[in-house]
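> One structure coming up, written as structure tokens, with questions to follow.
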Amino acid sequence: DPCCHAPKCCFRSSVNEAPLACIGRMGRAGSSEDLLLILLAVFLSPVTVFIKRGLEVDFWINLVLYLLGWLPGVIHGIYIVLKYPSGGYHPIPGF
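Numbering-wise (the working numbering), the sequence shown opens with residue 908 and increments by one.
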């Protein structure tokens, strides 16, 4: 099952049905929010990571990478957007 890569995503109501938790997630991978965040990451990757993760360690890592060189910060920012797709954890309400 392509969607059944996460443990919380593998609950089925019967053998012939798609995983229940996956039905809501299938349309969210690659959402327009993520595309906009990837574009933002190219210009201001620390802002992108802050929107996705808040002031957690990912933000501070990205800020240091961004200050050391633009490209490492951009790569890390895009990585964070892809690692935490829309519909997941958002520390900032409304995002």
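Even for Gly, the Cβ is constructed at its ideal location relative to N, Cα and C.
Which one of E940, I982, S993 has the shortest CA to CA distance from L951?
Your numbering for residue 951 matches position 44 in the sequence shown. It is I982 whose Cα lies nearest to the Cα of L951.
> Exposed or buried, S938, counting other C-beta atoms within 10 Å across all chains shown (16 or more means buried)?
Taking the sequence shown and counting its residues from 1, the one referred to as residue 938 is at position 31. The residue is exposed, with fewer than 16 neighbouring Cβ atoms inside 10 Å.
> Can you tell me whether D940 is helix, strand or coil according to DSSP?
Looking up residue 940 in the sequence shown gives position 33. Inspection of the sequence shows that residue 940 is occupied by Glu rather than by Asp. Helix at E940.
> Report all residues from its chain with a CB closer than 6 Å to the CB of L944; omit the five preceding and five following residues, and keep chain order.
Looking up residue 944 in the sequence shown gives position 37. Within the same chain, L944 has close Cβ partners T955, V988.
> CA-CA distance, A948 and F966?
Here residue 948 refers to the residue found at position 41 of the sequence shown. Here residue 966 refers to the residue found at position 59 of the sequence shown. Looking at the two C-alpha atoms, the distance is approximately 12 Å.
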